[in-house]
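Here's the structure we're looking at; comments come further down.
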Amino acid sequence: MNPEEEHIVTCPYCGETINIMVDCTYINQKSNQNFIEDCQVCCRPINFHINYAADNSIQLSAAHENE
Numbered sequence: 101m102n103p104e105e106e107h108i109v110t111c112p113y114c115g116e117t118i119n120i121m122v123d124c125t126y127i128n129q130k131s132n133q134n135f136i137e138d139c140q141v142c143c144r145p146i147n148f149h150i151n152y153a154a155d156n157s158i159q160l161s162a163a164h165e166n167e
């Protein structure tokens with residue numbers, strides 16, 4: 101598995117599709133991640149939550165900064 105994986109999400113503000121690189125090195129630790137990154141299109145802050153599932157898959161969700 102690569103240390104980083106590209107995921108495609110929709111910005112919760114402008115609705116544009118953006119690419120996000122996810123750090124996969126935490127999968128074996130079963131640790132979830134939260135981080136804020138600005139939308140590449142509208143520059144508004146997106147709150148990302150990464151959930152590492154038992155089958156080593158990654159679930160990425162994007163929400164408004166204050167959600």
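Per my numbering, the very first residue in the sequence shown carries number 101; after that it's consecutive. Ideal Cβ positions, reconstructed from N, Cα and C, are used throughout, including at glycine.
Through-space distance from residue j to residue i, alpha-carbon basis
i, j, result
"Thr117", "Thr125", "25 Å"
"Ile136", "Asn156", "23 Å"
"Glu104", "Ile120", "10 Å"
"Tyr152", "Cys111", "21 Å"
"Asp123", "Asn166", "23 Å"
"Val141", "Phe148", "16 Å"
"His168", "Ile158", "With the chain running from 101 to 167 in the structure shown, residue 168 is simply not present."
Residues that residue i bridges to, as DSSP identifies them
i, result
"Asp61", "No answer is possible for residue 61: it lies beyond the span of the chain, which begins at 101 and ends at 167."
"Pro145", "Asp138"
"Ser161", "His149"
Cβ separation of residue i and residue j, assumed to be a contact under 8 Å, to the nearest whole Å
i, j, result
"Gln133", "Ile150", "4 Å"
Whether residue i touches residue j by CB criterion (8 Å)
i, j, result
"Val109", "Ala163", "no"
Range covered by the beta strand (DSSP E) that runs through residue i
i, result
"Ala153", "Element bounds for Ala153: n/a, residue is neither H nor E."
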